[in-house]
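Here's the structure, in structure tokens; my notes come after.
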Amino acid sequence: MTDFTMKTDADGVAVITWDVPGKSMNVMSRESMLVLNDLIDAALADDAVKGIVITSGKKDFAGGMDLNTLATIRAEAGDEPAKALFDFTMAGHHMLRKIERAGMDDKNKGGKPIAAALPGTALGIGLELPLACHRIFAADNPKAKIGLPEIMVGIFPGAGGTTRLVRKMGAMAASPLLLEGKLNDPKKAKAAGVVDEVVDDPVAAAKDWVLSEPKIVKPWDEKGYKMPGGAPYHPAGFMTFVGASAMVNGKTKGVYPAAKALLSAVYEGALVPFDTALKIEARWFTHVLMNPSSANMIRSLFINKEALEKGANRPDVPDQKVKKVGVLGAGMMGAGITLVSAMAGMEVVLLDQSAEAAEKGKAYTADYMDKGIARKKATEEKKAATLALITATDDYAALEGCDLIIEAVFEDMGVKAEVTKKVLEVVGDDCIFASNTSTLPITELAKASDTPEQFIGIHFFSPVEKMMLVEIIKGRETGDRAVAKALDYVRQIRKTPIVVNDERFFYANRCIIPYINEGIRMVKEGVAPALIENAAKLVGMPLGPLQLTDETSIDLGVKIAKATKAAMGDAYPNEEVDEVLFWMADEGRLGRKSNAGFYAYDEKGKRQGLWEGLGEKYAQASEQPDLTEVQHRLLFAQVLEAVRALEEGVLEDIREGDVGAILGWGFAPWSGGPFGWLDMLGAAYAAERCDQLAETHGERFACPALLREMAEKGQSFYGRFGTGTDSKAA
Ligand code: NAD
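Heads up: the sequence shown begins at 51 in the numbering used here, then just goes up one per residue.
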């Protein structure tokens, strides 16, 4: 069995079918490219073949390149990884160019028509291959997604997609597809000019077309070709390119190498003939692949994210798929958990103190579906079917038959213990009980149950339907079946899990709180608030620490600070932070929800800029720190906490530490996560920086023993703790 097979019918159409054995979605590997290359050679050489149709044996066309391939090529190339990657990329260009030229001579005579027939989704090289064909037929399948999402994992379309799309539709029209990785359904892809036809039976339509003796020369292979919208030195093109450069830098803050390299490939490619443009694209593509940021992004956002979703750390326990889930508490979190569970097809019992409160929680799903209907993403039938799965109630008896309970009542040990006991009287012996607590120890909460091995933490982030990470917390006595149940549930709702051990604030909150505190501490020291916020954004954090505090609310910060201080006693290190935080709370500035916080807001709640009163209370120092110093304080505050979590065994797998950081709190995605970033710095430099920061700013930056040891031994995190391809990618 090979990934591509070919069959020529009586009319002389060779149909090449892509069907990777044992996979539900086609992905391109090194080996499959060679097979396709040979089949194209054979079809072009065979006089009996009049035309070629490339299609898929699966419901979709292809999901893209197997990114493990790139990591493997890089790792196997010894001293010359750039050469190996460039050669591989150029080999891909030669094959696709062969398809595009299809045997035509220099005068564009001869050649065989080649059409792509896409039954469904076509992404990445799964679209770049069709773009090299002479016509693209897509099935009228509204679920199909067509596009080039490479930029989302830190690379850009490097199999001719960049060069062909820009030449096909112009730089301006291609930019959302290339720079944002925008995906379209087939009809929108046709309207955008990416595919040529949307039909019921793409293979039949493609066969008819190749037999119709169509013109197959691509516009850019004809004399006098002009790029739509103008090349860079054309007045209109000039405007596009100047604007694009500013826009890309504004959006990426210059920290994502792929976006910049993509623009360079487009700009430089537009000035030269097509084949040279492909070579330029390959050079920039190699440049990006060689950048540690891209390698780290591929590793965390693609390879390891997928491995975790597929259960890399799942105990070997039989399938624990959830059928009926009980959600306790119909507040903000309970309502969201109900929504995602019902959307995944589970029966949900949503319980609150009163039937009205429970109904209000259920209404959240109805509202969500209504918005989906308005945007044509959902239907009335889907809404009715989803709502029919949800029972809103105040009656514990309705929980009978639930195989998983997720508790999201008030953050109070007593309240949680009481509902746990009530639930356990109703549900069966094998039901797993999970708490969504943010701050209470799972091991303590489990004491309310006489089966603590069936008790676990399933910690969602807000808003539940948007945030992709779910943190699973093992209490001291949590058993394997509970872990497997939680992982299988997270898989059902299509989110990404990490599994951590039970220590204060678990993993994500443990790392994000020091980031917020460091920002607030700097305000107290007289660092300009704008410098703090901009330094964070310029290093790739989605929100500055002050804005983040406004979003999560200042009174929540006060509550957490008080609880932490009560637990830590004299060892509590954040008095300076609290001074600012408590003062803000006393001033009634509770953050976005009160329309007043570190930022000012207008009456509609729109953020206006940093609040001037902050500068009046905490005068800005005449001498300001440099940008890197501020950035290092903000990043080291987080990553040192991640290292401590690893040292203490809260984290068992650095992959979870990196993936969890990016998906959980948006830790500078370009870095691949805290451990990826430390590996980029190198342990020796990181340890040295810790020493300097600790001396200037305090013991919270003291170098953890693990990092010190790694510095002495010349180790990296992925070298020491990585597994398989994930360490090779670094
Ligand atoms: P919330 O106040 O919006 O909702 C709590 C709900 O629980 C309310 O509807 C309340 O009526 C109900 N409730 C309280 N006591 C109950 C009882 N005895 N029986 C039944 N229902 C009861 O709170 P929330 O923000 O949804 O948080 C819920 C839990 O999720 C907390 O443990 C919190 O720490 C955790 N959490 C919150 C967030 C967040 O961002 N808000 C994020 C992660 C986890």
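Every residue gets a Cβ at the ideal spot worked out from N, C-alpha and C, and that includes glycine.
Endpoints, alpha helix (DSSP H) assigned at residue i
| i | result |
| --- | --- |
| H797 | Nothing can be reported for residue 797, as the shown portion of the chain is limited to 51 through 780. |
| F632 | 625-636 |
| P236 | 236-242 |
| T429 | Where T429 is concerned, there is no enclosing alpha helix (DSSP H), given that its DSSP letter is neither H nor E. |
| M800 | Since the displayed the chain opens at 51 and closes at 780, residue 800 lies outside it and no answer follows. |
| I712 | 704-715 |
| E150 | 131-151 |
| V292 | 285-302 |
Straight-line gap, residue i to residue j (C-alpha atoms, nearest Å)
| i | j | result |
| --- | --- | --- |
| T775 | R124 | For T775, the pLDDT reaches just 46, beneath the cut-off of 50, and the residue's location in the model is therefore unreliable, leaving the point undetermined. |
| A241 | K232 | 14 Å |
| T614 | L606 | 12 Å |
| A496 | N118 | 41 Å |
| T773 | L731 | 20 Å |
| K148 | D552 | 57 Å |
| A189 | E406 | 46 Å |
| A585 | A121 | 32 Å |
| G62 | I104 | 14 Å |
| R642 | R531 | 41 Å |
| F555 | L378 | 21 Å |
| L321 | A281 | 7 Å |
| E503 | D116 | 39 Å |
| I523 | G507 | 4 Å |
| I387 | P724 | 28 Å |
| A256 | D53 | 21 Å |
| V245 | S766 | 45 Å |
| E397 | A428 | 19 Å |
| K57 | W68 | 12 Å |
Bounding residues of the beta strand (DSSP E) (the contiguous stretch that carries residue i)
| i | result |
| --- | --- |
| E247 | 247-249 |
| H509 | 505-510 |
| R657 | 657-660 |
| I440 | 440-443 |
| A165 | 164-168 |
| F483 | 482-485 |
Buried or exposed (CB count within 10 angstroms, at least 16 for buried), residue i
| i | result |
| --- | --- |
| H144 | exposed |
| A254 | exposed |
| V689 | buried |
| M393 | buried |
| R151 | buried |
| E791 | The structure shown has nothing for residue 791, since the chain only spans 51 to 780. |
| M634 | buried |
| A434 | exposed |
| M277 | buried |
| R560 | buried |
| K73 | exposed |
| E200 | buried |
| F460 | exposed |
| G569 | buried |
| A779 | Note that A779 scores 39 on pLDDT, short of 50, meaning its location in the model is unreliable and no value can be drawn from it. |
| M830 | A query on residue 830 cannot be resolved here, the shown segment of the chain reaching from 51 to 780 and no further. |
| E272 | exposed |
| R526 | exposed |
| P754 | buried |
| L677 | exposed |
| N341 | buried |
| T487 | buried |
The ligand SAH heavy atom lying under 7 Å from the CB of residue i
| i | result |
| --- | --- |
| M383 | With respect to small molecules bound, the structure shown includes the ligand NAD and not the ligand SAH. |
The segment 534-552 touching the segment 662-679, judged by at least three CB pairs closer than 8 Å: no
Cβ contact check for the segment 465-481 and the segment 346-359: 3 or more pairs under 8 Å: no
Continuous alpha helix (DSSP H) assignments of at least 4 residues falling wholly in the segment 309-395: 324-340, 342-347, 355-359, 382-393
The segment 181-196 contacting the segment 285-298, beta-carbon criterion three pairs below 8 Å: no
Cβ contact (3+ pairs, closer than 8 Å) linking the segment 124-141 and the segment 316-336: yes
At least 3 beta-carbon pairs within less than 8 Å: the segment 731-747 vs the segment 365-382: no
Any alpha helix (DSSP H) of 4 or more consecutive residues that is wholly inside the segment 174-225: 175-182, 211-219
Three or more C-beta pairs below 8 Å linking the segment 592-605 and the segment 639-659: yes
Cβ contact check for the segment 297-309 and the segment 199-215: 3 or more pairs under 8 Å: yes
Validate contact between the segment 566-583 and the segment 716-736 using beta carbons, cut 8 Å, 3 pairs: no
Contiguous beta strand (DSSP E) assignments of at least 3 residues, all confined to the segment 521-571: 546-551
The segment 250-266 contacting the segment 157-164, beta-carbon criterion three pairs below 8 Å: yes
Inter-stretch contact at 8 Å, needing at least 3 Cβ pairs: the segment 91-104 / the segment 314-328: no
Every unbroken alpha helix (DSSP H) inside the segment 93-126 [4 residues or more]: 117-126
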